[in-house]
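Participant: Below is the structure I would like to discuss, written out as structure tokens.
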Amino acid sequence: MTRSRTPAPRNSRSRKKSARASRPWLGWLVKLGLVGLVLFAGLMVYLDAVVQEKFSGKRWTVPAKVYARPLELFAGLKLTREDFLTELQALGYRRTPKVQGPGELLVSGNQVELHTRGFQFYDGAEQAQRLRVRFSGNQVAGLSQAGGGALAVARLEPLLIGGLYPAHNEDRILIQLDQVPPYLLETLVAVEDREFYNHFGVSPKSIARAMWVNTTSGALVQGGSTLTQQLVKNFFLTNERSLTRKGTEALMAVLLELHYDKPQILEAYLNEVFLGQDGQRAIHGFGLASQYFFGQPLGELRLHQVALLVGMVKGPSYYNPRRYPERALERRNLVLDLLAELGVASAEEVARAKQAPLEVSSRGSLANTSYPAFLDMVKRQLRQDYRDEDLTEEGLRVFTSLDPILQRKAETAMADTLKRLGGRKGVDEVEAAMVVTNPQTGEVQALLGSRQPRFAGFNRALDAQRPIGSLIKPAIYLTALERPSQYTLTSWLEDEPFSIKGADGQIWQPKNYDRQAHGTIFLYQGLAQSYNLSTAKLGLELGVPDVLKTVARLGVEQDWPAYPSMLLGAGALSPMQVATMYQTLANGGFSTPLRGIRSVLTAIGEPLKGYPYEVQQRFDPGAIHLVQEAMRRVMREGTARSVYNQLPSSLTLAGKTGTSNDSRDSWFAGFGQDLLAVVWMGRDDNGKTPLTGASGALQVWTGFMRTAAPAPLDRTPPDNVTLAWIDPYSGRGADQSCVGALQMPYIRGSEPPPGTPCGVPQQLQEPVEQVMDWVRGWLEQ
Amino acid sequence: MARGLDVNKGWLVPMALLLLAGCATPVQRGSIPVVEAGRPVGAGGVAVTRAPATQPQAAPRPQPQDSGVVVMVPQGAASAPIQTFPAATSGAPISTGSTFGSAPPAGSSSVTLAADERLDGPVLALLTSAQQMERSGNLAGASASLERAQRIAPREPQVLYRLAEVRLAQGDPVQAEQLARRGLTYAGGRPALQASLWELIARSREQQGDAAGAAQARQRAKVQL
Chain A
1 MTRSRTPAPR
11 NSRSRKKSAR
21 ASRPWLGWLV
31 KLGLVGLVLF
41 AGLMVYLDAV
51 VQEKFSGKRW
61 TVPAKVYARP
71 LELFAGLKLT
81 REDFLTELQA
91 LGYRRTPKVQ
101 GPGELLVSGN
111 QVELHTRGFQ
121 FYDGAEQAQR
131 LRVRFSGNQV
141 AGLSQAGGGA
151 LAVARLEPLL
161 IGGLYPAHNE
171 DRILIQLDQV
181 PPYLLETLVA
191 VEDREFYNHF
201 GVSPKSIARA
211 MWVNTTSGAL
221 VQGGSTLTQQ
231 LVKNFFLTNE
241 RSLTRKGTEA
251 LMAVLLELHY
261 DKPQILEAYL
271 NEVFLGQDGQ
281 RAIHGFGLAS
291 QYFFGQPLGE
301 LRLHQVALLV
311 GMVKGPSYYN
321 PRRYPERALE
331 RRNLVLDLLA
341 ELGVASAEEV
351 ARAKQAPLEV
361 SSRGSLANTS
371 YPAFLDMVKR
381 QLRQDYRDED
391 LTEEGLRVFT
401 SLDPILQRKA
411 ETAMADTLKR
421 LGGRKGVDEV
431 EAAMVVTNPQ
441 TGEVQALLGS
451 RQPRFAGFNR
461 ALDAQRPIGS
471 LIKPAIYLTA
481 LERPSQYTLT
491 SWLEDEPFSI
501 KGADGQIWQP
511 KNYDRQAHGT
521 IFLYQGLAQS
531 YNLSTAKLGL
541 ELGVPDVLKT
551 VARLGVEQDW
561 PAYPSMLLGA
571 GALSPMQVAT
581 MYQTLANGGF
591 STPLRGIRSV
601 LTAIGEPLKG
611 YPYEVQQRFD
621 PGAIHLVQEA
631 MRRVMREGTA
641 RSVYNQLPSS
651 LTLAGKTGTS
661 NDSRDSWFAG
671 FGQDLLAVVW
681 MGRDDNGKTP
691 LTGASGALQV
701 WTGFMRTAAP
711 APLDRTPPDN
721 VTLAWIDPYS
731 GRGADQSCVG
741 ALQMPYIRGS
751 EPPPGTPCGV
761 PQQLQEPVEQ
771 VMDWVRGWLE
781 Q
Chain B
1 MARGLDVNKG
11 WLVPMALLLL
21 AGCATPVQRG
31 SIPVVEAGRP
41 VGAGGVAVTR
51 APATQPQAAP
61 RPQPQDSGVV
71 VMVPQGAASA
81 PIQTFPAATS
91 GAPISTGSTF
101 GSAPPAGSSS
111 VTLAADERLD
121 GPVLALLTSA
131 QQMERSGNLA
141 GASASLERAQ
151 RIAPREPQVL
161 YRLAEVRLAQ
171 GDPVQAEQLA
181 RRGLTYAGGR
191 PALQASLWEL
201 IARSREQQGD
211 AAGAAQARQR
221 AKVQL
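Line by line, the protein sequences are chains A and B.
Take 1 as the starting number for the first sequence in the UniProt record's numbering and just add one per residue.
Take 1 as the starting number for the second sequence in the UniProt record's numbering and just add one per residue.
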């Protein structure tokens, strides 16, 4: 505009000079007119190029969309009806008396009927269908197609959990005209541009009316801009309010109308219009606005929702229904009245719509939640494979393994525990992180990077490197148990004080947490009770480098120096690394790289990249089985036995507590068959905390497992493992009939010779002793 | 300029048309060469796109006996007879296996399998669709389907066996061997399946150029049978 206007006066001046001599004023007026025409033509050509370039090219860049795992339904699935309904609510399903269309649901007793929406997945399309899901107890008892037979498996559409936004933070979900709900186009035209289908880009009638209204009211209240002009303004121009801009806008609107028909312009408008601000993210287009405000796809919106969105076009911030619900409601009803007045909708429909509440999804609900820690992890994994532009502009669809239900349970367990511990001095300064995986698949299902789950900052789950304390111990015992000719779970260990001189000349003198020595113990007790003296001694026997090699084989590459102090966990790892390490222990000795991404599709649903399941066998399953046995005893009789105050005793679990020096770090890592969780608590400034592994992290872990209800650990022994009865005091072979006889797994050939049946009763432990043990177990790390 | 616009409105349209006629790049009305960055996602990404090469709904085919796929329906004793896939029911993407929806018949529970070990409805359906994709050359799709099955029944060695087969077909013998080994750890008491897994390990090792290892694995396969 300015570019083509500047030369105008200069040119006309030179023409003026030549015209003055020979022609009268009429002549140069014609010439001036001609010059004006040429200049105007030039301007039009320029504007036309601008219009076409933008409109015919890639109109919008669309950030990559990140989805949670889709809920996979089948008979036998462990899922409560309540969790299912929570997920459906997050997906924007609404209850109706009769399920007729996608996104509708009906609950009757233990049965939920719903109409899924269908979705394009990596391995094909899931069709929209009407399902009946029957619940019994904590599981899905039956799945069938409504009006049809039983179904083996069905997938819901996945929850959208975020996007990867570029610098300008514009987000949108592109829609086509055939995907809009009834009334949307009519309402939009009625409210914003009644002459839309009749004008050629600008509407003299509307302008006249606007001028009239503005003059009579004495203020600028009505714009008179057509939808085309609004689109042009948003698309090509700045927000500057001047007549020059207004003129350009009108010219470009006319040009746009010349090239493109009304539906095309309308579709562009629907995708471009700004409808709200979500922090840094600008909500553009009705497609995203529908998801953002209602948690529903646009096509499912009903009249009152359509009226609200269209009403918001006038002032998305002013009429923000979350912030100013009354204002928004008033505006919505005004729009509805207009529809009745113009005959777009019947009076009854409008009356019914006016009765409806705003129905905006509330913040903090599953539909309106951010998962900054998990998304951060996904972004980092994606950046290894894609350029930034690909992620922020190409509309990729990223399918992840996040389980929103487990994530919510992890967040709740963390918040509840911190609240309960809040009375203790120093707990307020404690930060936390948590990693939840499925050890059988290596998928990350939930991630907390802070005690505040919505906090998008330092991601402690990935980046906090903290001494792991006793979490290292399973690696020591595994190193030993890989040598069955030397060590079994019932080998004797000496838990006595000792000191050694390190290579650096320093004297190293480990101590037990309770400052006591425990004499001669079984090897498994060293791990179960987390005794430092016996464990350190065992580690030295094995050799520190061998233990560190085991840590590496478990999946964590580190460059820790082979100092004796490493045996008690002086080395630092992130919670994610700890999860990787324990994953191998939980998964039969098979190491799996932890994954957060399952697959990536292009914007049009073509498979782009899969992130396949990978395993690598690193240990003999027998040795792992034995370590799991010792870790199972950590839970049953050792430092973590407090879990069974809250969890059913039938639930077999394995785990390990960890506390670093002076309680600076409180750790717990443990697993059932299908769920592994690592919890870390500590201060960012590495200060002392009032928490041990048992009194801090274990409490969060227990709270989580109580609600997440994992499957009990499968204790089927591998082929090379045999079970033997032993005497609990001598460790010699015993008979099942002997009182107190213990059954222990051994690598075949390393078990003690079988004992003979006995009838002599052994004295049971004193009850007081048991209580003391319990207290000790809870306090010790 | 703005004032001029108001005055000239009348002739603006024909003039613009005139200008356009002389434009070097005429644009046909009605066919916008739009390259959209994103496909309309619609209902949160409804499948509005063209169908993939294979669909689970593909017409059912009779399962040949020599498909090379052993599927044991571990309903009764551990030594259940080896069966091939039951023929998929017509049209339905997912066959409703005979064991579906009901607990194993009472009396046959001499060997009780954990809920995630039973090879029934969902796993069978996913293995079937994976097999169809594999046959049509869609190995990535088959792999994704098998991983779905693996999430449902992670301890089912038959799923791992099939996944290993697909990895081998995808040219990843290292992972094929690893997955088969993982399968072996779950295949206790199922000699036929163990033999198949060792046989697969043998093929994987051959592809890795480990003839001795392959021969060893073949030996194990024989022992199991």
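Glycine included, every Cβ here is placed at the ideal spot set by N, Cα and C.
Looking at the unbroken beta strand (DSSP E) that takes in A:Q277, where does it start and where does it end?
Facilitator: Here residue 277 of chain A is taken as the residue at index 277 of the first sequence, counted from 1. Note, A:Q277: beta strand (DSSP E), F274 to D278.
Participant: Compare the C-beta of A:E496 against all C-beta atoms of chain B and say whether one is closer than 7 angstroms.
Facilitator: Along the first sequence, read from residue 1 onward, the residue named residue 496 of chain A stands at position 496. It does not; no Cβ of chain B falls within 7 angstroms.
Participant: Using only the alpha-carbon positions, how far apart do A:R595 and A:A586 sit?
Facilitator: On the first sequence, position 595 is the one that residue 595 of chain A refers to. On the first sequence, position 586 is the one that residue 586 of chain A refers to. Cα to Cα, the separation comes out at about 16 angstroms.
Participant: Going by beta carbon distance, what residues of the same chain come within less than 7 angstroms of residue 240 of chain B, once the five residues before and after it are set aside?
Facilitator: The structure shown does not extend to residue 240 of chain B, since chain B is modelled only from 1 through 225, so no value can be given for it.
Participant: Thinking C-alpha only, which one of A:F135, A:D376 and A:R683 is nearest A:L164?
Facilitator: Start at 1 with the first residue of the first sequence, and residue 164 of chain A comes out as number 164. Of A:F135, A:D376 and A:R683, the residue nearest in Cα terms is A:D376.
Participant: Go ahead and pull the three-state DSSP assignment for A:F399.
Facilitator: Position 399 of the first sequence holds residue 399 of chain A. The three-state secondary structure of A:F399, taken from DSSP, is strand.
Participant: Would you kindly work out how many angstroms separate the C-alpha atoms of B:E165 and A:R641, rounded to a whole number?
Facilitator: Within the second sequence, residue 165 of chain B is the residue found at index 165, counting from 1. Within the first sequence, residue 641 of chain A is the residue found at index 641, counting from 1. Their backbone Cα atoms lie some 43 angstroms apart in a straight line.
Participant: Among residues of its own chain, excluding the 5 on either side of A:T437, which ones have a beta-carbon nearer than 7 angstroms to its beta-carbon?
Facilitator: The count along the first sequence starts at 1 and reaches residue 437 of chain A at position 437. So the list reads E443, V444, Q445, A579, Q583, L594 and L676, once near-sequence residues are dropped.
Participant: Would A:D123 and B:G141 qualify as a contact pair, given that the criterion is a beta-carbon distance under 7 angstroms?
Facilitator: Taking the first sequence and counting its residues from 1, one reaches residue 123 of chain A at position 123. Taking the second sequence and counting its residues from 1, one reaches residue 141 of chain B at position 141. Yes.
Participant: Excluding the 5 residues preceding and the 5 following A:R81 in the sequence, name in chain order all residues of the same chain whose CB lies nearer than 6 angstroms to its CB.
Facilitator: Position 81 of the first sequence, counted from the start, is the residue given in the question as residue 81 of chain A. Cβ within range, chain order: F135.
Participant: Name the DSSP bridge partner or partners of A:G655?
Facilitator: If you number the first sequence from 1, residue 655 of chain A lands on position 655. Bridge partners of A:G655: A:G670.
Participant: Straight-line CA distance for A:Y729 to A:Q628?
Facilitator: Along the first sequence, one-based indexing puts residue 729 of chain A at 729. Along the first sequence, one-based indexing puts residue 628 of chain A at 628. Counting only the Cα atoms, A:Q628 lies some 22 angstroms from A:Y729.
Participant: Use the C-beta contact count for A:Y292: other C-beta atoms within 10 angstroms, 16 or more gives buried, fewer gives exposed.
Facilitator: For the purposes of this step, residue 292 of chain A is taken as the residue at position 292 of the first sequence. When all chains shown are included, A:Y292 counts as buried.
Participant: Is there contact here, the stretch 159–174 of chain B with the stretch 678–693 of chain A, by at least three beta-carbon pairs under 8 angstroms?
Facilitator: no
Participant: Out of A:S144, A:A654 and A:E157, state which residue places its alpha-carbon closest to the alpha-carbon of A:L88.
Facilitator: Taking the first sequence and counting its residues from 1, the one referred to as residue 88 of chain A is at position 88. Looking at A:S144, A:A654 and A:E157, the one whose alpha-carbon comes closest to that of A:L88 is A:E157.
Participant: From A:P297 to A:A141, what distance separates their C-alpha atoms?
Facilitator: Taking the first sequence and counting its residues from 1, one reaches residue 297 of chain A at position 297. Taking the first sequence and counting its residues from 1, one reaches residue 141 of chain A at position 141. Roughly 29 angstroms between the two C-alpha positions.
Participant: The beta strand (DSSP E) with A:I283 in it runs from where to where?
Facilitator: For the purposes of this step, residue 283 of chain A is taken as residue 283 along the first sequence, with counting starting at 1. Per DSSP, A:I283 belongs to the beta strand (DSSP E) from R281 to H284.
Participant: Could you check which residue in A:L309, A:V180, A:A340 and A:R332 has the C-alpha nearest to that of residue 858 of chain A?
Facilitator: Lying before the first or after the last residue shown, residue 858 of chain A is absent from chain A, which here runs from 1 to 781.
Participant: Please go through the stretch 281–368 of chain A and give each complete beta strand (DSSP E) segment of 3 or more residues, from N-terminal end onward.
Facilitator: 281–284
Participant: Taking CB distances under 7 angstroms as the criterion, tell me whether B:G171 reaches chain A.
Facilitator: As a working mapping, residue 171 of chain B is identified with position 171 in the second sequence. Taking Cβ atoms only, chain A never reaches closer than 7 angstroms to B:G171, which makes this a no.
Participant: Taking the straight line between their C-alpha atoms, what separation do you get for A:T652 and A:G740?
Facilitator: The count along the first sequence starts at 1 and reaches residue 652 of chain A at position 652. The count along the first sequence starts at 1 and reaches residue 740 of chain A at position 740. Whole-angstrom Cα-Cα distance: 20 angstroms.
Participant: Which residue marks the beginning of the beta strand (DSSP E) containing A:Y746, and which one marks its end?
Facilitator: Taking the first sequence and counting its residues from 1, one reaches residue 746 of chain A at position 746. A:Y746 -> beta strand (DSSP E) spans L742 to I747.
Participant: Would you mind reading off the limits of the alpha helix (DSSP H) that contains A:Y513?
Facilitator: Position 513 of the first sequence holds residue 513 of chain A. First-last for A:Y513: undefined, no H or E at that position.
Participant: Residues of chain A with CB closer than 7 angstroms to the CB of B:P122, please, in chain order.
Facilitator: For the purposes of this step, residue 122 of chain B is taken as residue 122 along the second sequence, with counting starting at 1. Residues of chain A with a Cβ closer than 7 angstroms to the Cβ of B:P122 are, in chain order, F74, A152 and V153.
Participant: Between A:G569 and A:L471, what straight-line distance do the alpha-carbon atoms span, to the nearest angstrom?
Facilitator: Here residue 569 of chain A refers to the residue found at position 569 of the first sequence. Here residue 471 of chain A refers to the residue found at position 471 of the first sequence. Between the C-alpha atoms of A:G569 and A:L471 there is a straight-line separation of about 7 angstroms.
Participant: Sort A:W212, A:A49, A:Y269 and A:T244 by Cα distance to A:D232 and report the nearest one.
Facilitator: Start at 1 with the first residue of the first sequence, and residue 232 of chain A comes out as number 232. According to the sequence provided, residue 232 of chain A is Val. The question's Asp does not apply to it. For A:V232, the nearest C-alpha among the options comes from A:Y269.
Participant: Taking the DSSP output, what are the residues bridged to A:Q139?
Facilitator: Position 139 of the first sequence, counted from the start, is the residue given in the question as residue 139 of chain A. In the DSSP assignment, the residues bridged to A:Q139 are A:K78 and A:S136.
Participant: Per DSSP, A:E494 forms a beta bridge with which residues?
Facilitator: In the first sequence, counting from the first residue as 1, residue 494 of chain A sits at position 494. Partner(s): A:T520.
Participant: Assuming contact is defined by CB atoms lying nearer than 7 angstroms, are A:L567 and A:A536 in contact in what I supplied?
Facilitator: As a first step, residue 567 of chain A must be located in the first sequence, where it is residue number 567. As a first step, residue 536 of chain A must be located in the first sequence, where it is residue number 536. Taking 7 angstroms as the Cβ cut-off, A:L567 and A:A536 qualify as a contacting pair.
Participant: Using DSSP with H/G/I as helix, E/B as strand and the rest coil, what is A:Q111?
Facilitator: Numbered from its first residue, the first sequence carries residue 111 of chain A at position 111. A:Q111: strand per DSSP, three-state reduction.
Participant: Can you find a CB in chain B that lies within less than 7 angstroms of the CB of A:P712?
Facilitator: The residue you call residue 712 of chain A lines up with position 712 of the first sequence. Closer than 7 angstroms: no.
Participant: Could you tell me the alpha carbon to alpha carbon distance between B:L146 and B:L179, rounded to whole angstroms?
Facilitator: On the second sequence, position 146 is the one that residue 146 of chain B refers to. On the second sequence, position 179 is the one that residue 179 of chain B refers to. Taking the straight line from one Cα to the other gives about 12 angstroms.
Participant: What are the residues in the stretch 598–616 of chain A lying within 7 angstroms of chain B by C-beta distance?
Facilitator: S599, A603, I604, G605, P607, G610, P612, Y613, E614, V615 and Q616
Participant: Please compile the residues from chain C whose C-beta is within a distance smaller than 9 angstroms of the C-beta of B:I152.
Facilitator: Given the protein chain composition of this structure (A and B), no chain C is represented.
Participant: Thinking just about the alpha-carbon of each residue, which of A:R632, A:L338 and A:D416 is nearest to the one in A:R715?
Facilitator: For the purposes of this step, residue 715 of chain A is taken as the residue at position 715 of the first sequence. A:R715 has its Cα closest to that of A:R632, out of A:R632, A:L338 and A:D416.
Participant: Give, in chain order, every residue of the stretch 615–629 of chain A whose Cβ lies closer than 9 angstroms to some Cβ of chain B.
Facilitator: V615, Q616, Q617 and P621
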